[in-house]
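Novice:
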Amino acid sequence: MLAQRLCSSCSSSPVWPRQHLLLLRRGSSTARIVCGASSPKQPTPGSSRGSSTSESEPAYAYSDPVNQFLGQFLPSNRAAKDELVGVDFDQPKLSGRSIQEMAQLVEAGLSKSQWFVTGEVDPRLFSDSFAFKDESVATTGIKAYATGVRKLFDQATSKVELVTVEPQPADQAIVVTWRLEGRVNLPFKPKIKAYVVTTTLGVDPGTGLINSQVDEFSVPGWDLLLSTLLGEGFGAKPAPPVEELRAAAAAAAGSTAAAAVKNAGR
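Per the numbering used here, the very first residue in the sequence shown carries number 5; after that it's consecutive.
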């Protein structure tokens with residue numbers, strides 16, 4: 005799943021809910037990541053380009069051959085699964101929760117296990133129909149997603165730093181903004197330039213479970229790829245420390261609230 009961080013090829017797809025088109029939020033405004041290539045199609049269960057067709061093997065659909073090639077140098081699916089042996093993917097689901105309750109569970113879970121980089125997900129929160137998509141790869145099933153991120157990130161150095169977790173009831177979504185830094189599990193362990201990820205978790209209105217995830221990045225994928233291979237001096241500057249990001253988010257939220265109060269008084 006190297007492609008989910010290192011290549012830019014994002015476009016909207018009719019299989020994804022409307023809220024996934026509105027992702028990178030700054031205060032009251034919303035910015036889109038604009039990418040040039042075609043987005044990856046959803047993998048057919050049990051099959052994948054570059055993946056085993058065995059039922060036990062996760063299926064990943066890559067948007068380009070470069071990322072598919074680099075993925076061959078990541079640890080094996082079996083190694084990642086062995087590291088996730090403590091995750092019970094057969095736990096009963098926590099159905100029927102409100103989006104606000106689910107947002108609290110997501111924030112607590114990410115604060116504890118940082119599953120965006122460790123793969124140590126809370127399977128109780130995810131629908132059996134869960135699907136993941138980012139700029140260059142797509143997969144279905146929470147176990148395939150967890151295996152992919154476990155393979156991708158060096159566990160000794162990679163970390164998730166939460167900025168905001170926002171329930172969006174009108175869009176049936178939870179939007180998580182977070183800072184990522186660390187290294188990739190390629191043989192030479194290249195360092196990832198710190199950047200901000202906006203993750204939109206789509207929520208099934210019938211069950212209240214998370215049925216989709218779309219990741220968007222604060223810098224273009226080509227920038228991430230080249231700066232990872234050539235060093236942080238290339239391209240955009242790394243994201244500032246998470247304390248600055250949280251302060252900026254709080255200030256933006258305060259400004260939005262103040263404007264709403266002012267408008268309500270007119």
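In this text, a Cβ means the ideal position worked out from N, Cα and C, and glycines have one as well.
Tell me, to the nearest whole angstrom, how far the beta carbon of Asn-73 is from that of Pro-191; I am working on the premise that it is less than 8 Å.
Specialist: Note that residue 73 is Phe in the sequence shown here, rather than Asn. Going by Cβ atoms, the distance from Phe-73 to Pro-191 rounds to 14 Å, so no, they are not a contact pair.
Novice: Given that a residue counts as buried once 16 or more other Cβ atoms are within 10 Å of its Cβ, and exposed if not, what is Gln-118?
Specialist: Gln-118 is buried by the Cβ-count criterion.
Novice: Measure the Cβ-Cβ separation of Thr-168 and Val-153 and say whether it is below 9 Å.
Specialist: no
Novice: Given a threshold of 16 other Cβ atoms within 10 Å of its Cβ, counted over all protein chains shown, does Ala-198 qualify as buried or as exposed?
Specialist: buried
Novice: With the cut-off set at 9 Å, would you say Thr-151 and Lys-85 are in Cβ contact?
Specialist: yes
Novice: Per the contact definition of three or more C-beta pairs closer than 8 Å, is the segment 157-172 in contact with the segment 243-257?
Specialist: yes
Novice: With a threshold of 8 Å on Cβ separation, who are the neighbours of Arg-128 within its own chain once the five nearest residues in sequence on each side are excluded?
Specialist: Gln-95, Pro-96, Lys-97 and Leu-98
Novice: Along the chain, where does the beta strand (DSSP E) that runs through Glu-170 open and close?
Specialist: 163-172 is the span of the beta strand (DSSP E), which, as asked, contains Glu-170.
Novice: Find the nearest neighbour of Pro-173 within the set Gly-113, Ala-135, Ser-102 and Asn-81, judged by alpha-carbon distance.
Specialist: Ser-102
Novice: How would you write the range of the beta strand (DSSP E) that Glu-220 sits in, first residue to last?
Specialist: 214-221
Novice: Would you mind giving the Cβ-Cβ distance between Val-188 and Phe-157, rounded to the nearest angstrom? I have them listed as a contact below 8 Å.
Specialist: Confirmed, Cβ separation roughly 7 Å.
Novice: For the structure I just gave you, are there three or more beta carbon pairs, one from the segment 216-232 and one from the segment 136-143, closer than 8 Å?
Specialist: yes
Novice: Taking Val-91 as the reference, which of Ser-133, Gly-100, Ser-80 and Ala-148 has the closest Cα?
Specialist: Ala-148
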